[in-house]
Amino acid sequence: MSIQPAPTKPAAPAVPAELPPVPPIPNAIPLILRREVREMVGDWRIVAPMLILSLLLPFIMAFAALFVIRFIDEDGFARLLLPFALVITGFIPASFTIITALESFVGERERNTLESLLAMPLSDRHLYISKFMAALVPPLIASFTSMTLFCLALWLTNAPAFAEIFPLGRLLLLYSLIVVLAITLVAGAVVISSHTSTIRAANLMSSFILLPVIAVLNFVAVWIIDGAWGRIQITVLLLALVGSSLVLLGVRLFSREEILARETRRAPRRSRRPAAASAGTAAAEASTALATAPVQQQLSEYTTTLTIMRREVRDTVADWRVLLPILLLAVALPLGGVWLFPLVLQVTDETLISIGQLVPFGVLIIGFVPASFALITALESFVGERERNSLEPLLASPISDQNLYLSKLMAALIVPLFTCVLAMLLFTSGMALAQPSLYSVAMTPLRVLLLFSIIVIITMLMVAAAVIISSHTSSLRAANLLASFVLVPIAIAIQIQAVFLIANRWDIVLATAVALAVVMVALIRTGLSIFNREEILSRANDQFNPQRIRELFGLYFREYQPAGVPSTRYHGLGFAPLRFYRHELPALLRELRPAFVLVALAVLTGLVVGWYAASFLPLTRLKATIISQIGTPVTASLALALGIALNNLRVSILSNVFSLASVGLFAFLVPAAVFSQIAFVVTVLMQNGGVWFSGERYDPFLFLMVYLLPHAIIELPTFMLSAALGIRMGASVLSPPGTFSVGHNMLWASANFAKVWLLLLLPLIIIAALIEGLVTTQLVTAVYGNMGS
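Numbering follows my numbering, with no gaps: position 524 of the sequence shown is 524.
Structure, rendered in structure tokens:
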């Protein structure tokens, strides 16, 4: 009888509650902070967009703002926009890094490191604060860097105007605004991350942080234009209160036991739902469609495509975390815009025309915001199936690769297109009915159609790019991070469009729409051509391998083989400049023949655009400046040559690097811009009495021979070669040749550009700059010095 209680007694001391508590690690917060920042800095998918947003975006915003000031007649109104441009410059990097904050805890689950993190000998408070600080530091650094560079660019351009627009108190207020906005965003994101079970749920719930913050930014814009800086100070204080409250709330609610219990509850739910649950339904429906319909294969695949598409749309609409924010953005945002515009007119001293010029930009923003949010569902098209353990049944559907990809693409397009069109319809109809005087300032039926077309094209472009990303990544985290390479260029394009809309340059807006449509068609074609379900399955355990990338880049850099040749057929030759000049360069130039055709088209386009601008656009001030500077002596110096060389080297590098993300558009624009300037000046000289071969001051031939020929005979062919290489880099994401994947094709094009740039473009650009700075300047002085005006 005494045997029975004996086994139960020893079990009591094994209760964990009786163990002595583990003392916390000293300096735990700096320890975890260093670990988080180190992991973040080691991920190129985070570092690359942050560098772009921190180092490139401020200069783009600054130059766009200066463009507005130059071309808008209401200089005072345009300069009021500069403080808001500074806020946007700081807010965009902070809003991007919310991705890492949303992964603070739920991302650890995806990386299978959650249990080890929660097992650290830390108090809940220290653990939560350390994760919050690690998520807060990168956005603050990125935002401060971006804002500082924006201010530096404006100060270097016009220091007195900068000091007038941004006194020290106002500058500190705007910096403080970005700080409290970043704290609020990160605090809310970490709270969400600690109370959700998947990254998808965290991303969807993030809209409940971003939407109020965007609403606050709209009010800040109104108050900046109105000069109500006192209200902005109150806003900073209120945001500081909200942010600190969210931090305290997160600390109070955080419990590692609750997170572990949530993980335990989640496991049985997964086991009750078989792997085929989600996409298996679609696969089963597709199989039934084929089995019960004895029709031709083409009709069967069409039925299967519609089946998968209906299932995707049904799943999206059934998720309240998707539906509720989309409805808010599609209904509340346009109605708020209808209310906001007359309010701006009432609280400011600006004219009806000045405010009415902003209505087209309002249409773009109101259409873009809901479409960009719906991008979340497009990013989950394929990689989301992997997270739900339904990828294999989906890929097993009896349907061709192209039809499977099309079904996913069409399903991802329906919701964004519906929401953006609905939002724009509500805004334009509301403005036309409620504020006809404001609406009629800049809006006509054709312009409305053009704005709708731009947003539809941008939406299709973003969704096409997102589906490509989703089909070529192995985790939602990777897809969300790479999505910045879609959103950032599109957001910048929207900002640039604002400049053209305010300047009433609808011809450039139309040209931009055509260019975006070309990129959109290219992305859809690329997705269809490179989609392969076998590669998706083999990529299930694929990881980003920087060492392999470095090896391939070095292989392609050292030895030239035509694109598409597998790495196993390379001979392992070393880097040899003499071999490059004698054998590899001629072979590479032959491969670049299609790119040179596009370069020739860019040259012709530039010549036509330059002639048209000089002949038909009212650019009186610019023409007068050109005429006054013809023959003005410039002192020859090495400093001038160095400045020219640095500028040309910057253009040759950045235009080609950004061509990777624009299908070669930036590289195409370089020769187009150069030759448009030449055609513009020649046309202006002819308009001012210049006669060819007359030898007079405004002789176009004399201008070409003196101002251009000495250095341009080297510089122009050099940049045409650089543009061809950039176009080839942009085309590398379209149809990979031979056995190349998109990644291999991009590496091949980038390595060959790097080699040509180092061995050919760099010395030629330096030589041309030396000639321009030392020879052309003296030739101009010698030829034009004794001519009368």
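For each residue, glycine too, the CB sits at the ideal point set by N, CA and C. None of the values given here were measured: they were computed from a predicted structure.
Query	Result
Between residue 516 and residue 458, is the Cβ-Cβ spacing less than 8 Å?	yes
How far does the alpha helix (DSSP H) with residue 233 in it reach, from first residue to last?	229-253
Can you tell me the Cα-Cα spacing of residue 210 and residue 341, whole angstroms?	22 Å
Please list, in chain order, all residues of the same chain as residue 563 whose beta carbon is under 6 Å from its beta carbon, the five residues on each side excluded.	737 and 748
Going by the C-beta, is residue 735 closer than 7 Å to any heavy atom of the ligand HEM?	Of the ligands one can find in the structure shown there are none, so the ligand HEM has no counterpart to examine.
Please determine, among 769, 771, 90 and 731, the residue with the shortest C-alpha to C-alpha distance to residue 52.	90
Put residue 692 into one of helix, strand or coil per three-state DSSP.	coil
For residue 656, does the count of other Cβ atoms within 10 angstroms reach 16, so buried, or fall short, so exposed?	buried
Please look up how many angstroms separate the CB atoms of residue 192 and residue 206, rounded, as I've assumed it's under 8 Å.	6 Å
Go to residue 615, then tell me how far its alpha helix (DSSP H) extends in each direction, as first and last residue.	593-616
Between the alpha carbons of residue 240 and residue 604, how many angstroms are there, rounded?	55 Å
Count the CB pairs spanning the stretch 551-570 and the stretch 587-603 that are closer than 8 Å, and state whether there are at least three.	yes
From residue 221 to residue 147, what does the alpha carbon distance come to, in whole angstroms?	17 Å
Could you pull out every residue in the same chain whose Cβ sits closer than 7 Å to the Cβ of residue 645, ignoring the five residues on either side in sequence?	765, 766 and 769
Might you give, ordered along the chain, the residues of its own chain that have their beta carbon closer than 6 Å to the beta carbon of residue 194, omitting 5 neighbours on each side?	105 and 254
Taking the alpha carbon of residue 186 as the reference point, which residue from 597, 236, 65 and 129 has its own alpha carbon closest?	129
In terms of alpha-carbon separation, which member of 722, 731 and 621 lies closest to residue 763?	722
Quick check on the burial criterion: 16 or more other C-beta atoms within 10 angstroms. Buried or exposed for residue 647?	exposed
By a C-beta neighbour count over all protein chains shown, 10 Å radius and 16 as the cutoff for buried, is residue 575 buried or exposed?	exposed
Using only CA atoms, which one of 781, 310, 719 and 357 lies nearest to residue 761?	719
Using 10 angstroms around the beta-carbon of residue 853, count the other beta-carbons present and answer buried if the total reaches 16, otherwise exposed.	Nothing in the structure corresponds to residue 853, since the chain is present only between 1 and 789.
Less than 8 Å separating the beta-carbons of residue 663 and residue 522?	yes
Use the C-beta contact count for residue 741: other C-beta atoms within 10 angstroms, 16 or more gives buried, fewer gives exposed.	exposed
Consult DSSP for residue 619 and reduce its assignment to one of helix, strand or coil.	coil
Look up residue 636 in the DSSP assignment and say whether it is helix, strand or coil.	coil
Is the Cβ-Cβ distance between residue 513 and residue 449 less than 8 Å?	no
Can you give, in chain order, each stretch of the alpha helix (DSSP H) that sits fully within the stretch 650-709 and has at least 4 residues?	665-687 and 700-703
Can you tell me which of the three DSSP states residue 103 falls into?	coil
Quick one: complete beta strand (DSSP E) runs, 3+ long, within the stretch 489-529?	none
Would you report the Cα separation of residue 627 and residue 164, rounded to the nearest angstrom?	32 Å
Rank 557, 102, 566 and 567 by C-alpha distance to the C-alpha of residue 579 and give the top, closest one.	557
For the alpha helix (DSSP H) containing residue 402, name the first residue and the last one.	401-434
Put residue 96 into one of helix, strand or coil per three-state DSSP.	helix
To the nearest angstrom, how far is it from the Cα of residue 172 to the Cα of residue 746?	43 Å
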